[in-house]
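Undergrad: In my numbering, the protein residues as written are 6 to 601.
Below, the structure written as structure tokens:
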């Protein structure tokens, strides 16, 4: 069963009047201008167009581009395979336009322009029926579904005329040279299958003797008409351009200006920006070569509308972008600067801050009371540093800075404080480093006893001790331990558990490791010694199974004594005899103890 829809529009080349339709709504576009493959479809659909029986591109007659399609009036025609793009009459809610230019060589007889033929019971055609009925749209789907023609539509001379059929929902209009000659309303729908033909019915009947140019089919109301009213349109006055519509336009407001951006259009060599204070207007225009533009000299507070139209070396595109709008605005007050750490001097404090791009100047404010109210203000112009002098030493002052411009003062910055001192600068900053040059700094304590006194836990990725006096560990003011690092490098780490003792590495003297403790020293891993090991304590006799505290030297790598191979103490009785130990009948040798 055949269904019939009116949903395809063939549109002529658009004119200097820019019909604002997206390029993807163009379903067929034949320039017939003699360039490239004859009868190329330059729409995005790129249908395969076949010239049949001698249809050619002729330079003898043309509307645009120096060429047109010539039909010999015998059996020549153009054909395109069946496609959903030809489903013109299948929906009562969509719009279609078919438009083209025609020049007849013989008048007074039938002339076929376009149609689709399934079989003798299912077809549609747009043709000139001669003086009797003139231009006529005829749809047949088992019976006459639609027959539309109008008075004055007969082409009776050998000049170029523009012909269009416009479908807007279920309303149809026929137009010659932009003038409506007939219209009707029809809610019947039908869909046809079969080849689309131009210049003759499929197979060569009712052939056109003449020329066709700038053939266009659009799935839109291309010319903006209302078939039910009397309005017409201005036919295209230039070739319909295949440059696509610029996509994703955007408008960003600035001060007395608008910044426009859009996607590049392939093949475009430039863009015309048209704008106005009314929607759809084009009172102003400018030309750019890139896919952005800054439109200046605008009135703040006024809404502007913009469209972007691509062009190339041949013509201006007929698909402007969708309209965007924006309102230029006056700038507000500047944002707040950020105050850096101040530098205190003798009766003075020096401050600096970052520059704010929209600022014309800065106001520095300060007070000796931290209550958010600043009794002193200094306009420092556009400089970004200033020294406040005449202050009282040993008094803490609190400072903020604000930026201003023609729109007023901005918000205050962060607050910083500093106390001038006769001793000179206390705090100073060099890049990301901060220095304190006088007295101690306390964290968690107001009575710092050392340059840095922390009452709490310090967490750090690493601590560097660079002093011959090492690191002293205290509880309050009582020293409870010490770690000394001197002229050596520890490549691992030291874990120190306080037990009323101390431990030092690299101390002065002959010992590399010294343990001075009444507590046990336990090693759960290997201990490698390349120097001396001194252990002060007693060696009870007999030795207990769990305690071995000799007093003397255990030397390895020393010519005076035998090398130390191993020491092993196991539970049980043992004794020291000369050059060996014996524990549980196990002998450990080459060990000498010299009492101090």
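Cβ atoms here follow ideal geometry from the backbone N, Cα and C, with glycine treated the same way. As the structure is a prediction and not an experimental result, all values here were calculated from the model.
Compute the Euclidean distance between the alpha carbons of residue 456 and residue 374, then round it to the nearest angstrom.
TA: If you take the alpha carbons of residue 456 and residue 374, they lie about 28 Å apart.
Undergrad: Does residue 102 pass the burial test, meaning 16 or more other C-beta atoms within 10 Å, or should it be called exposed?
TA: Under this definition residue 102 is a buried residue.
Undergrad: Helix, strand or coil for residue 423 per DSSP?
TA: It is a strand residue.
Undergrad: Could you pull out every unbroken beta strand (DSSP E) segment of at least 3 residues lying fully inside the stretch 240-265, listed in chain order?
TA: Within the stretch 240-265, the complete beta strand (DSSP E) runs of at least 3 residues are 255-258.
Undergrad: Between which residues of its own chain and residue 68 is the CB-CB distance below 7 Å, once the five residues before and five after are set aside?
TA: Answer for residue 68: 106, 165, 218, 219, listed in chain order.
Undergrad: Residue 155 and residue 186 - do their beta-carbons sit closer together than 8 Å?
TA: Yes. Within cutoff.
Undergrad: Please report how far the alpha carbon of residue 449 lies from the alpha carbon of residue 400, in whole angstroms.
TA: Rounded to whole angstroms, residue 449 to residue 400 spans 22 Å at the Cα level.
Undergrad: Taking residue 260 and residue 336 to be in contact with their CB atoms under 8 Å, please state how far apart those CB atoms are, rounded to whole angstroms.
TA: At roughly 5 Å, the Cβ-Cβ gap stays under 8 Å, so residue 260 and residue 336 are in contact.
Undergrad: Could you tell me the boundaries of the beta strand (DSSP E) in which residue 276 lies?
TA: Taken as a continuous stretch (DSSP letters only), the beta strand (DSSP E) holding residue 276 covers 275-281.
Undergrad: To the nearest angstrom, how far is the alpha carbon of residue 273 from that of residue 314?
TA: Those two C-alpha atoms are separated by around 10 Å.
Undergrad: With a Cβ-Cβ cutoff of 8 Å, do residue 205 and residue 80 count as a contact?
TA: Against a cut-off of 8 Å, the Cβ pair of residue 80 and residue 205 comes out as a contact.
Undergrad: Taking the CB atoms as reference points, tell me whether residue 92 and residue 190 lie closer together than 8 Å.
TA: The answer is no: Cβ separation not under 8 Å.
Undergrad: Give me whichever residues DSSP pairs with residue 381 in a beta bridge.
TA: Residue 381 is bridged to 371.
Undergrad: Hey, residue 603 and residue 144: beta-carbon distance below 8 Å or not?
TA: With the chain running from 6 to 601 in the structure shown, residue 603 is simply not present.
Undergrad: Using 8 Å as the Cβ pair cut-off and three pairs as the minimum, do the stretch 410-421 and the stretch 357-364 touch?
TA: The stretch 410-421 is in contact with the stretch 357-364.
Undergrad: Using the rule of at least 16 other Cβ atoms within 10 Å of the residue's Cβ for burial, across every protein chain shown, is residue 299 buried or exposed?
TA: Per the 10 Å Cβ criterion, exposed.
Undergrad: Per DSSP, what kind of secondary structure is residue 135 in: helix, strand or coil?
TA: In the structure shown, residue 135 sits in a helix (DSSP, three-state: H, G or I).
Undergrad: For residue 253, collect the residues of the same chain with a Cβ closer than 7 Å to its Cβ; drop the 5 residues on either side in sequence, then sort them by chain order.
TA: Counting only Cβ-Cβ distances below 7 Å, and skipping sequence neighbours, we find 267, 268.
Undergrad: If you draw a straight line from the C-alpha of residue 168 to the C-alpha of residue 142, how long is it?
TA: Distance between the alpha carbons of residue 168 and residue 142: 12 Å.
Undergrad: Determine the direct distance from the alpha carbon of residue 333 to that of residue 133, and round the result to whole angstroms.
TA: Going from the Cα of residue 133 to the Cα of residue 333 covers about 55 Å.
Undergrad: Output the distance between the C-alpha atoms of residue 231 and residue 171, rounded to the nearest integer angstrom.
TA: If I take the Cα positions, the gap works out to 9 Å.
Undergrad: Looking only at DSSP bridge pairs, what is residue 221 linked to?
TA: Paired residue(s): 34, 104.
Undergrad: Let me check one thing: in DSSP terms, what residues is residue 310 bridge-paired to?
TA: DSSP output for residue 310 lists 281, 330 as bridge partner(s).
Undergrad: Just verifying my parser: in three-state terms, what is the DSSP assignment at residue 399?
TA: Residue 399: coil per DSSP, three-state reduction.
Undergrad: Buried or exposed: where does residue 62 fall if 16 or more other Cβ atoms within 10 Å of its Cβ makes it buried?
TA: Residue 62 is buried by the Cβ-count criterion.
Undergrad: Give the C-beta separation of residue 74 and residue 44 to the nearest angstrom, bearing in mind that I take them to be a contact with Cβ-Cβ under 8 Å.
TA: Going by Cβ atoms, the distance from residue 74 to residue 44 rounds to 7 Å, so yes, they are a contact pair.
Undergrad: Take residue 295 as the anchor and find which of 281, 271, 310, 283 has the nearest alpha-carbon.
TA: Checking every option, the nearest Cα to that of residue 295 belongs to 271.
Undergrad: Taking the beta strand (DSSP E) that residue 171 falls in, what are its first and last residues?
TA: Residue 171 -> beta strand (DSSP E) spans 166-173.
Undergrad: Per DSSP, what kind of secondary structure is residue 147 in: helix, strand or coil?
TA: Residue state, collapsed to three classes: coil.
Undergrad: Near residue 508, which residues of its chain fall below 6 Å by C-beta distance, leaving aside the five closest residues on each side in sequence?
TA: Only weak support is given to the placement of residue 508: the predicted model assigns it a pLDDT of 46, under 50, and the question is left unresolved by the model.
Undergrad: Could you give the distance in angstroms between the alpha-carbon of residue 223 and the alpha-carbon of residue 307?
TA: Between residue 223 and residue 307, the C-alpha separation is close to 36 Å.
Undergrad: Give me, in chain order, the residues of the same chain whose beta-carbon lies closer than 7 Å to that of residue 26; leave out the 5 immediate sequence neighbours on both sides.
TA: At residue 26 the pLDDT is 46, less than 50, meaning the model places this residue with poor confidence; the figure from the coordinates comes in the next sentence. Answer for residue 26: 223, 225, 227, 324, listed in chain order.
Undergrad: Assuming residue 403 and residue 372 are in contact, meaning their beta carbons sit under 8 Å apart, how far apart are those beta carbons, in whole angstroms?
TA: Their Cβ separation, rounded to whole angstroms, is 6 Å, which keeps residue 403 and residue 372 in contact under 8 Å.
Undergrad: With a threshold of 7 Å (Cβ to nearest heavy atom), would residue 289 be considered close to the ligand NAP?
TA: In the structure shown, the ligand NAP is absent, as is every other ligand, since no ligand is present at all.
Undergrad: Would you identify the three-state DSSP class for residue 90, choosing helix, strand or coil?
TA: The answer is helix: DSSP assigns residue 90 an H, G or I state.
Undergrad: Looking at residue 244: is its Cβ nearer than 8 Å to the Cβ of residue 52?
TA: Result no, Cβ atoms of residue 244 and residue 52 do not sit closer than 8 Å.
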